[in-house]
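Undergrad: One structure coming up, written as C-alpha cells, with questions to follow.
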Amino acid sequence: MTNEMIVDILEKKGVKTTSNRLLVMREIMRSNAPLSLSELERGLVSLDKSSISRVLNLLVKHHVLHGVEDGRGIIKYELCHADERCSVADMHAHFYCEICGNVYCFEEITAPIVDLPEGFRVSSINYMLKGICPACDGNSVGGQ
Numbered sequence: 018m019t020n021e022m023i024v025d026i027l028e029k030k031g032v033k034t035t036s037n038r039l040l041v042m043r044e045i046m047r048s049n050a051p052l053s054l055s056e057l058e059r060g061l062v063s064l065d066k067s068s069i070s071r072v073l074n075l076l077v078k079h080h081v082l083h084g085v086e087d088g089r090g091i092i093k094y095e096l097c098h099a100d101e102r103c104s105v106a107d108m109h110a111h112f113y114c115e116i117c118g119n120v121y122c123f124e125e126i127t128a129p130i131v132d133l134p135e136g137f138r139v140s141s142i143n144y145m146l147k148g149i150c151p152a153c154d155g156n157s158v159g160g161q
C-alpha cells in the first residue's frame, strides 16, 4: 500500500493526512486481520499509545475504519471499504478463535439486517462468531 493510496482513502473521507495517520493506516492495511490498540502500539514503536488512540478515534468517526469487538471486549480496527459513508450493509462477520485468540474477517458473510421497531436506527453491527479455527482444531475437516 503506497502513501498515495492511503492519502486518497483519507481525502475521500474528508480526513487531512498527517504522518501519524499514515503510519496507523499503513499498519492496519498491512495486516490480514483487524488490529487492537495494543497490537498497533507494538507495531508502531515511534508512536505512543495516546497518539495511536487519537488517530483511531478520528478514523472511526470519519468512517475510514470500523471498530469490532473481538469476543473478549477488546476493540480491533479494520479498514472500511465503502467509498462514501459506510453503512450497516457494509458490515460483515468476524470469527474469534477461543484457543489462539485470532480474529478472522469473513467479508463474504454479510451481517444480518434486523428489522427494528419504529424510531430505532442502527449505526453499526458487531457480528462475531466464536469457536475454534482450523489451525487450532487439530482435525480441521468437518469442525463444529
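With the numbering used here, letter number 132 in the sequence shown gets 149, and the count goes up by one each step, no holes.
Glycine included, every Cβ here is placed at the ideal spot set by N, Cα and C.
Because the structure is a prediction, the values reported are computed rather than measured.
Can you have a look at Gly159 and say buried or exposed, based on whether 16 or more other CB atoms are within 10 angstroms of its CB?
TA: Low local confidence applies: a pLDDT of 48 at Gly159 is under 50, so the model's placement there is unreliable, and no value is given.
Undergrad: Have a look at the DSSP bridge pairing and note the partners of Glu95.
TA: Paired residue(s): His83.
Undergrad: Run through DSSP, which three-state label would Ile126 get?
TA: Strand at Ile126.
Undergrad: In the structure shown, what three-state DSSP assignment does Lys15 receive?
TA: The chain is shown only over 18 to 161; residue 15 falls outside these bounds and no answer can be derived.
Undergrad: At what residues does the alpha helix (DSSP H) containing Ala152 begin and finish?
TA: Start and end: Pro151 to Asp154.
Undergrad: Using a Cβ-Cβ cut-off of 8 Å (strictly less than) and excluding sequence neighbours within five positions of Leu133, which residues of its own chain qualify?
TA: Excluding sequence neighbours, Leu133 sits near Val139.
Undergrad: Rounded to the nearest angstrom, what separates Asp25 and Ile45 at their Cα positions?
TA: So the two alpha carbons sit approximately 16 Å from each other.
Undergrad: Can you find the residues in the same chain that come closer than 7 Å, C-beta to C-beta, to Ile69, ignoring five residues on each side of it along the sequence?
TA: Answer for Ile69: Val41, Leu54, Leu57, Glu58 and Leu61, listed in chain order.
Undergrad: In this structure, how does DSSP classify Asn37 when only helix, strand and coil are distinguished?
TA: In the structure shown, Asn37 sits in a helix (DSSP, three-state: H, G or I).
Undergrad: With a cut-off of 8 Å on the beta carbons, I'd call Tyr113 and Asp154 a contact; round off their distance for me.
TA: Contact doesn't hold; Cβ gap of about 14 Å is too wide.
Undergrad: Return yes when the Cβ of His79 is within less than 8 Å of the Cβ of Lys33, no when it is not.
TA: Result no, Cβ atoms of Lys33 and His79 do not sit closer than 8 Å.
Undergrad: Hey, Pro51 and Cys150: beta-carbon distance below 8 Å or not?
TA: No, the pair does not count as a contact, with Cβ atoms beyond the cut-off.
Undergrad: Return the residue from the list Glu135, Met22, Ile130 and Ile92 that minimises the CA-CA distance to Ile142.
TA: Residue Ile130 is the option with its Cα nearest to Ile142.
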